[in-house]
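A.B. asks: In the numbering used here, each residue's number is its place in the sequence shown (first place is 1) plus 93. Note that beta-carbon positions come from the ideal geometry of N, C-alpha and C, so glycine has one too.
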Amino acid sequence: MVANPNNGMGHDNPILPEVDTFKLVAETRKQVMAVADIARDAIKAHYTDPALLADFIERHQTPVYVFGRGLFQHFCLWALGFEPGFIPPAKGRRYRLLQQFLKLQSSFHAFRFPSLRLHPQGKQGEKPDCHFNHGVFVLTRPLFTVGFISHQLHHWLAFRSGMRGYCERSQRLYRKFWNENNGQIGAEVYKMKAEDMLALKAAINRDMEALQFLKDIASEVLIPAKQARHISKGKASA
Numbered sequence: 094m095v096a097n098p099n100n101g102m103g104h105d106n107p108i109l110p111e112v113d114t115f116k117l118v119a120e121t122r123k124q125v126m127a128v129a130d131i132a133r134d135a136i137k138a139h140y141t142d143p144a145l146l147a148d149f150i151e152r153h154q155t156p157v158y159v160f161g162r163g164l165f166q167h168f169c170l171w172a173l174g175f176e177p178g179f180i181p182p183a184k185g186r187r188y189r190l191l192q193q194f195l196k197l198q199s200s201f202h203a204f205r206f207p208s209l210r211l212h213p214q215g216k217q218g219e220k221p222d223c224h225f226n227h228g229v230f231v232l233t234r235p236l237f238t239v240g241f242i243s244h245q246l247h248h249w250l251a252f253r254s255g256m257r258g259y260c261e262r263s264q265r266l267y268r269k270f271w272n273e274n275n276g277q278i279g280a281e282v283y284k285m286k287a288e289d290m291l292a293l294k295a296a297i298n299r300d301m302e303a304l305q306f307l308k309d310i311a312s313e314v315l316i317p318a319k320q321a322r323h324i325s326k327g328k329a330s331a
């Protein structure tokens, strides 16, 4: 089960800490470990097929959309200021437009989920049990892999656990950090407000934690499973 699924949007507003720093760090580490444990259990149960992971996400009411190879959908996503992966919820106009775009495209079957297992009944692409309150996964066919979804799953679980780094301010600063500064912290950081520095730091920490989780789960589960498949194929062909 997903931890704390009913966290509020305002819970993620970055503020200067008023509690003991060491206590705050310890609590954050506990949250990170709890998120990793939940994500690890989900991957171990569904690593054989990315559709199973997507099904797990949709069973927890967060929709998963997969773009086909057409350029129109990719351009619209870029024009709205989003990138493929887990997109946290936002209060602005862009997020509302994204919802409308995804629903419209899904209704016209402009892109389809690669597996009918998610929705064996009704029209493919309908997601009546999902909503956008906990964000949305927007993927492309090349990114519809267990590895990429595992990385984004960690982000989704971190958000739903109430961790900082997913508010609009954090995400905006993080996109600028990568797109304009190439992931390098320069002199501009000294001109930032304290709230912005904390917001950016939280977003950076969340992505580092997700990347570390992907590294760990790859060595624990994904790589051994791939090696086992190769061995079994070799024995079968012998």
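1. Consult DSSP for residue 238 and reduce its assignment to one of helix, strand or coil.
2. If you check the beta carbons only, do residue 177 and residue 236 fall under 7 Å apart?
3. Can you round the beta-carbon distance between residue 167 and residue 175 to whole angstroms, since I take them to be within the 8 Å contact cut?
4. Given that a residue counts as buried once 16 or more other Cβ atoms are within 10 Å of its Cβ, and exposed if not, what is residue 119?
5. Around the C-beta of residue 184, are 16 or more other C-beta atoms found within 10 angstroms, so that it is buried, or is it exposed?
6. Under a Cβ-count criterion, where at least 16 other Cβ atoms within 10 Å of its own Cβ denotes burial, should residue 316 be classed as buried or exposed?
7. For residue 282, count neighbouring C-beta atoms within 10 Å of its own C-beta (all shown protein chains included) and say buried if the count is 16 or more, exposed if not.
8. Taking the alpha carbon of residue 241 as the point to measure from, which residue in 303, 154, 313 and 276 has its own alpha carbon closest?
9. What does a CB cutoff of less than 7 Å around residue 228 pick up in its chain, not counting 5 residues either side in sequence?
10. Give the secondary structure of residue 267 by DSSP, where H, G and I count as helix, E and B as strand, and everything else as coil.
11. Could you tell me which of 274, 269, 310 and 158 sits nearest to residue 144, measuring between CA atoms?
12. Let me know the secondary structure DSSP gives residue 180 once reduced to three states.
13. Give me the Cβ distance between residue 36 and residue 296, rounded to the nearest whole Å; I'm assuming they're in contact under 8 Å.
14. For the beta strand (DSSP E) that contains residue 346, what are its first and last residues?
15. Which of the three DSSP states is assigned to residue 230 in this structure?
C.D. replies: To lay it out plainly:
1. coil
2. yes
3. That belief does not hold up - the Cβ atoms of residue 167 and residue 175 are roughly 11 Å apart, past 8 Å.
4. exposed
5. exposed
6. exposed
7. Looking at its Cβ environment, which holds fewer than 16 other Cβ atoms inside 10 Å, residue 282 is exposed.
8. 303
9. 155, 179, 180, 181, 182, 249 and 252
10. helix
11. 158
12. Here residue 180 sits in strand by DSSP.
13. Here the chain has residues from 94 to 331 only, and residue 36 is not among them.
14. It is not possible to answer for residue 346, since the shown part of the chain is limited to 94 through 331.
15. Reduced to three states, the DSSP call for residue 230 is strand.
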